[in-house]
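Engineer: Mind looking over this structure? Questions follow.
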Amino acid sequence: MSQLTVAIPRGRNLRPSVELFKRLGMDFSGALEDNRKLIFEDPASRSRAIIVRDTDIPVYVENGAADLGVSGKDQLEEQDKSIYEMLDLGFGACRLVIAEPASLKEHDDPRRWTHLRVATKFTNLATQWFRDQGIHVEVIKLYGSIEIAPLVGLCERIVDLVSTGNTLKANGLVEVETIMNVTARLVVCRGSLKTKTARINTLIKDAEKSIAKNPIKD
Ligand code: PRP
99 MSQLTVAIPR GRNLRPSVEL FKRLGMDFSG ALEDNRKLIF EDPASRSRAI
149 IVRDTDIPVY VENGAADLGV SGKDQLEEQD KSIYEMLDLG FGACRLVIAE
199 PASLKEHDDP RRWTHLRVAT KFTNLATQWF RDQGIHVEVI KLYGSIEIAP
249 LVGLCERIVD LVSTGNTLKA NGLVEVETIM NVTARLVVCR GSLKTKTARI
299 NTLIKDAEKS IAKNPIKD
């Protein structure tokens, strides 16, 4: 059996990802207990997991440093890496939205937008969406806590992920447009699929069956 390296994102998709691989016979449960260790070996299944930031998953997989990984559809679209997206895993559901202060929404009409400034981690997706709508946009790149930007005058609107809506609410922001719906995807390195075909294809089939029978919850 070929040795496999899987890339698992830290954060909210960590636990469901560990469950996914457990169902596939790989035990990385140590990752749920020790948040400083970044690599977990499972000799019994000839596999190991690396725990990385969600933004870095496509990079590890594209370069073959990981054979497969779990990535949000948001990052796949934003980064457009040369990797295979094999399966919608169902968990990690959220949406990429445009949000603004509730006070602004009272007199705002998205149909009349012509020129905007937005802050976001998703510069490519934001630029593309506004371009498609024929709206001139100035995009400010941030790396986290995006919701602060409109509160201190960096911009009026943000493009960010919303899951429960709690972060927007806590900061007095409301959604005005949805850019895309997001779930976690199983992604595979192109080279690995060529060299470890049998093992990877079996895993994908097993994952598909298992999720269809019993969806993985967030
Ligand atoms: C994400 C996202 C929002 C928040 C939304 O941030 O960027 O800020 O979660 O979740 P909610 O709708 O359930 O409140 P994350 O926690 O990844 O941290 P970040 O701000 O550092 O990106």
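The opening position of the sequence shown corresponds to residue 99 in the working numbering, with each subsequent residue numbered one higher.
Just so you know, even glycine gets a beta-carbon here, dropped at the ideal spot from N, CA and C.
Could you name the residues of the same chain whose beta carbon sits closer than 6 Å to that of residue 246, not counting the 5 residues immediately before and after it, in chain order?
Structural biologist: If we look at residue 246 and ignore the five residues flanking it on each side, it has no Cβ neighbours.
Engineer: When the Cα atoms are used, what is the spatial distance from residue 101 to residue 140?
Structural biologist: If you take the alpha carbons of residue 101 and residue 140, they lie about 10 Å apart.
Engineer: For the beta strand (DSSP E) that contains residue 182, what are its first and last residues?
Structural biologist: That run of the beta strand (DSSP E) goes 182-186.
Engineer: Could you give the first and the last residue of the continuous alpha helix (DSSP H) run that contains residue 172?
Structural biologist: Taken as a continuous stretch (DSSP letters only), the alpha helix (DSSP H) holding residue 172 covers 171-177.
Engineer: Would you report the Cα separation of residue 177 and residue 186, rounded to the nearest angstrom?
Structural biologist: Answer to the nearest angstrom: the Cα atoms are 18 Å apart.
Engineer: Are the CB atoms of residue 196 and residue 257 nearer to each other than 8 Å?
Structural biologist: The answer is yes: Cβ separation under 8 Å.
Engineer: In the DSSP assignment, find the alpha helix (DSSP H) that holds residue 299 and state where it starts and stops.
Structural biologist: Counting along the chain, the alpha helix (DSSP H) containing residue 299 begins and ends at 295-311.
Engineer: Which residues mark the beginning and the end of the alpha helix (DSSP H) in which residue 144 is found?
Structural biologist: From DSSP, residue 144 is part of no alpha helix (DSSP H); its letter is neither H nor E.
Engineer: Measure from the alpha carbon of residue 114 to the alpha carbon of each residue in 294, 297 and 281, then state which is nearest.
Structural biologist: The shortest Cα separation from residue 114 among 294, 297 and 281 belongs to 281.
Engineer: Using a Cβ-Cβ cutoff of less than 8 Å, which residues in the same chain neighbour residue 200 once the five nearest sequence positions on both sides are dropped?
Structural biologist: Taken in chain order, the residues that qualify are 270, 271 and 272.
Engineer: Does the segment 209-225 come close enough to the segment 233-246 to have 3 or more Cβ pairs within less than 8 Å?
Structural biologist: In short, these stretches touch, since the Cβ pair count reaches three.
Engineer: Which of helix, strand or coil does DSSP assign to residue 265?
Structural biologist: Helix at residue 265.
Engineer: Looking at the ligand PRP, does it come within less than 7 Å of residue 246, judged from the CB to the closest heavy atom?
Structural biologist: No; taking the cut-off as 7 Å, the Cβ of residue 246 has no heavy atom of the ligand PRP nearer than that.
Engineer: Residue 198: buried (16+ other C-beta within 10 angstroms of its C-beta) or exposed?
Structural biologist: When all chains shown are included, residue 198 counts as buried.
Engineer: If you follow the beta strand (DSSP E) that residue 206 is in, where does it begin and where does it stop?
Structural biologist: Here residue 206 belongs to no beta strand (DSSP E), and DSSP marks it neither H nor E.
Engineer: Are the segment 279-297 and the segment 164-171 touching, with three or more C-beta to C-beta distances below 8 Å?
Structural biologist: Touching, yes, given that three or more Cβ pairs across the two stretches are closer than 8 Å.
Engineer: Checking 8 Å against the spacing of the C-beta atoms, do residue 121 and residue 190 come in under that value?
Structural biologist: Not in contact: residue 121 and residue 190 (Cβ atoms no closer than 8 Å).
Engineer: Which value, in whole angstroms, describes the spacing of the CA atoms of residue 146 and residue 138?
Structural biologist: Taking the straight line joining both Cα atoms gives about 5 Å.
Engineer: According to DSSP, is residue 131 helix, strand or coil?
Structural biologist: Three-state DSSP puts residue 131 in coil, outside helix and strand.
Engineer: If we call anything under 8 Å between Cβ atoms a contact, is residue 40 one with residue 202?
Structural biologist: It is not possible to answer for residue 40, since the shown part of the chain is limited to 99 through 316.
Engineer: For residue 170, is the classification buried or exposed, using 16 other Cβ atoms within 10 angstroms of its Cβ as the cut-off for buried?
Structural biologist: Answer is buried; the Cβ neighbour count reaches 16.
Engineer: DSSP beta-bridge partners for residue 107?
Structural biologist: According to DSSP, which records beta bridges pairwise, residue 107 is partnered with 150.
Engineer: Using the Cα positions of residue 104 and residue 207, report the straight-line distance between them to the nearest angstrom.
Structural biologist: For residue 104 and residue 207, the distance between alpha carbons rounds to 45 Å.
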